[in-house]
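Here the first sequence is numbered in the numbering used here, starting from 2 and rising by one per residue.
C-beta atoms are modelled at their ideal positions from N, C-alpha and C, and glycine is treated no differently.
Just below is one structure, and these are the notes that go with it.
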Amino acid sequence: MLIKLQNLEGILPVKLYLPFDLINHNNYTSMGKDIPSRSEDYSLWYNELVKKADLAEHSDVRGCMVIKPYGYSIWEKMQQALDKMFKDTGHMNAYFPLFVPKSLFEAEEKNAEGFAKECAIVTHYRLKSDPQHPGKLMVDPDAQLEEELVVRPTSEAIIWSTYKKWVQSYRDLPILVNQWANVVRWEMRTRLFLRTAEFLWQEGHTAHATADEAVRETVQMLDVYADFAESFMAVPVIKGRKSEGEKFPGAIDTYCIEAMMQDGKALQAGTSHFLGQNFAKAFDVQFTNKEGKLDYVWGTSWGVSTRLVGALIMAHSDDDGLVLPPKLAPIHVVIVPIFKHADELAKISEKAQEIAAALKKLGFTVKFDDRDTHKPGFKFAEWELKGVPLRLAIGPRDMENGTVEVARRDTKEKQVVKMDEIVSKVPVLLDDIQDSIYKKALEFRTRLTTRVDTYDDFKRVLDEKTGFILAHWDGTPETEAAIKEETKATIRCIPLDAPAEAGKCIYSGKPSDRRVLFARAY
RNA sequence: CGGGGUGUAGCGCAGCCCGGUUAGCGCACCACGUUAGGGACGUGGGGGUCGGAUGUUCGAAUCAUCUCACCCCGACCA
């Protein structure tokens, strides 16, 4: 396997190739090892990993992705955990239409304008056979819709137009609804999981009688997301508020969680919006309050998407493949038997099944890989590639000594454990893995977070060290835009926990009262 | 949507510039045998409308035009 380096722009119309083993691997012909080293080319590494670990692939449909079973099962794990957290905070699931009539879509002007450039639109509802090309179909010109239907890029419009019918009085509030759905955004450039034309997500849409309650909901859901990211994904996040320039079109305030990937770039992992009365006004959702007066409803919306799967991959994986946090791993433990003959396998099997059954009873997902078509070494590598947190190997030697070899994915440490102790050992190890990959990611982020006070330092850190930068900003969109233009770094958020601190804007020198978080982002 | 590039077997690619037997190679796949505690080896075998359409030509993977898709760099974004 060779890795493809960048074209020498404008010099030669050729590609340069470098044998992979010159970089850091010996056995470059076998499966798995042909993942490029992260340091070489992060995005190439990411793409290869997604494919090799059997998570997803590009679809033949423009900009879309096929999520393969193993990749989807990670998303399912996320769904289950999130869904429980939503229910625990009083929400219920519902489902709204995929199509949004254009007139509804354009009702909230800022929202419509913000998404206008990336909408798929249904204009016809019928095909017919093409007289010019036998056997082919054409769009029936007689079947043009009177009003075009926008395929939802987000569901505020269709949902708020429905809420209008649901709300009369403060007694009808709050509405606390979540929807698991697909949405379409006709992005110019797509990347597996991180940005695809169609993606899966969850979007919560709530309606409240007071601004205060809506703000509390917005912040509560941000906390839910942060909690999920940190305790399930083992990815530390920074909670913050978006600047004017970066906030959701149609929102008063956008809150977000920002995570750092292993190349030092930021990834927005979730957003929670305080919509004020913008959508209520656009869709005329009024209610009679306790004082008997008519008022507009206050709204929030919040969402996370399959992008989280991308975040998970980029936050923890190494050159041997995925590293999955136990709480989201589709398979917790894989048992690999080592055997020469069928009768040997039979003996090991018996023991392995016993251990597997005991672990399953504790709620773990266990895979017993008794394929006789692959050698143990192959299986080790394959399950590591897929990020299974723990691997147990049982061979003749273990059968003789009454032991099991257990290997953890994150550190690749192996230890030999007594067979009757392994079942109690597994939960301890899984907890430790969950914990230590979080700590590792947190240490990495801390190391790559820099406070800077001058624009020169800002640019130097951005180019040489990368990562997050905490710096003073004068609060103006002009400065934000200028910095983005010159450095490609954006204000990821104004951290919620940023302490008040007098300083000068690194760009304009004007006074600032707190540091904000800058980074280059996905 | 602008600039650059690529589409040839499941994957990765060579062949194209300079048109000419039956389109190759590595991995993967299948069969048999030997192997098995970190990605096994040998022998044999199967698999292709060369992204699609149109054109030029006696003849097109190769040349031309159009088109679709993907990748990289911008702009846009969860």
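What did DSSP end up calling residue i once you bin it into helix, strand or coil?
i, result
"Arg461", "helix"
"Val389", "coil"
"Met222", "helix"
"Arg372", "coil"
"Ala408", "strand"
"Gln269", "strand"
"Phe97", "coil"
"Leu138", "strand"
"Ile1", "Because the chain in this structure spans residues 2 to 523, residue 1 falls outside the shown range and cannot be described."
"Met234", "coil"
"Gly304", "strand"
"Thr207", "strand"
"Gly403", "coil"
"Ala472", "strand"
"Ala158", "helix"
"Ile336", "strand"
"Phe249", "coil"
"Met86", "helix"
"Ser130", "strand"
"Met420", "helix"
"Gly378", "helix"
"Gln145", "strand"
"His26", "Per-residue confidence for His26 stands at a pLDDT of 27, beneath the threshold of 50, marking its modelled position as unreliable; no derived number is given."
"Asp55", "coil"
"Thr491", "strand"
"Val394", "The amino acid at residue 394 is misidentified as Val; the sequence shows Ala. Ala394 falls in the strand class under three-state DSSP."
"Gly115", "helix"
Any heavy atom of the ligand MG inside 7 Å of the beta-carbon of residue i?
i, result
"Ser273", "Only the bare structure without any ligand can be found here, which leaves the ligand MG out of the picture."
For residue i, I'd like the list of residues in its chain whose CB is within less than 6 Å of its CB, leaving aside the five on either flank, ordered along the chain.
i, result
"Glu199", "Cys65, Asn183, Val185"
"Asp475", "Cys506, Ser509, Lys511, Ser513"
"Pro1", "Nothing about residue 1 can be reported from this structure: the residues present for the chain run from 2 to 523 only."
"Asn27", "A caution first: Asn27 carries a pLDDT of 24, below 50, which makes its placement in the model too unreliable to give a value."
"Met32", "Unreliable positioning characterises Met32 in this predicted model, as indicated by a pLDDT of 36, which lies under 50. A coordinate reading is not provided."
"Leu201", "Asn183, Thr307"
"Ala503", "none"
"Lys1", "Outside the displayed range of the chain (2 to 523) lies residue 1, so it cannot be described from this structure."
"Asp1", "As shown, the chain starts at 2 and ends at 523. That puts residue 1 outside it, with no answer to give."
"Ala260", "Val236, Val238, Leu268, Ala270, Ala312"
Between which residues of its own chain and residue i is the CB-CB distance below 8 Å, once the five residues before and five after are set aside?
i, result
"Val168", "Leu174, Ile176, Ala208, Val286, Gln287, Phe288, Val298"
"Thr455", "Ile507"
"Val178", "His92, Met93, Asn94, Ala95, Ile160, Gly205, His206, Thr207"
"Trp303", "Glu204, Gly205, Thr219, Met222, Leu223, Tyr226, Gly271, Thr272, Ser273, His274"
"Asp370", "Val335, Ile336, Val337, Pro338, Lys380, Trp384"
"Glu146", "Sequence inspection shows Leu at residue 146; the Glu mentioned does not correspond to that position. Val123, Thr124, His125, Tyr126."
"Asp141", "His125, Arg127, Leu128, Lys129"
"Leu329", "Ile75, Lys78, Met79, Ala82, Phe233, Met234, Leu313"
"Asp421", "Gly403"
"Lys362", "none"
Excluding the 5 residues flanking residue i on each side, which residues of the same chain have their C-beta closer than 7 Å to its C-beta?
i, result
"Pro331", "Tyr71, Ser74, Ile75, Lys78, Thr366"
"Glu385", "Asp321, Gly322, Arg410"
"Ile438", "Ala235, His317, Val324, Pro326, Asp411"
"Lys139", "Correcting the residue type first, residue 139 is Met in the shown sequence and not Lys. Around Met139: Leu128, Lys129, Asp131."
"Cys257", "Gly241, Lys243, Gln269, Gly271, Thr272, Cys494"
"Glu345", "Pro397"
For residue i, which beta-bridge partners are listed by DSSP?
i, result
"Ser170", "Thr289"
"Leu150", "Pro102, Val123"
"Asp254", "Phe275"
"Glu486", "Its beta-bridge partners do not exist; DSSP assigns none."
"Asp296", "Phe288"
"Pro496", "Gly241"
"Pro512", "Lys505"
"Val517", "Ala472"
"Glu259", "Ile239, Gln269"
"Met66", "His59"
"Asp321", "Partner(s): none; Asp321 has no beta bridge."
(message) Across the stretch 257-275 and the stretch 176-187, are there enough close Cβ pairs to call them in contact, namely three or more that are closer than 8 Å?
(response) no
(request) Please determine if the stretch 480-491 and the stretch 450-465 are in contact, where contact requires at least 3 C-beta pairs separated by less than 8 Å. (result) yes
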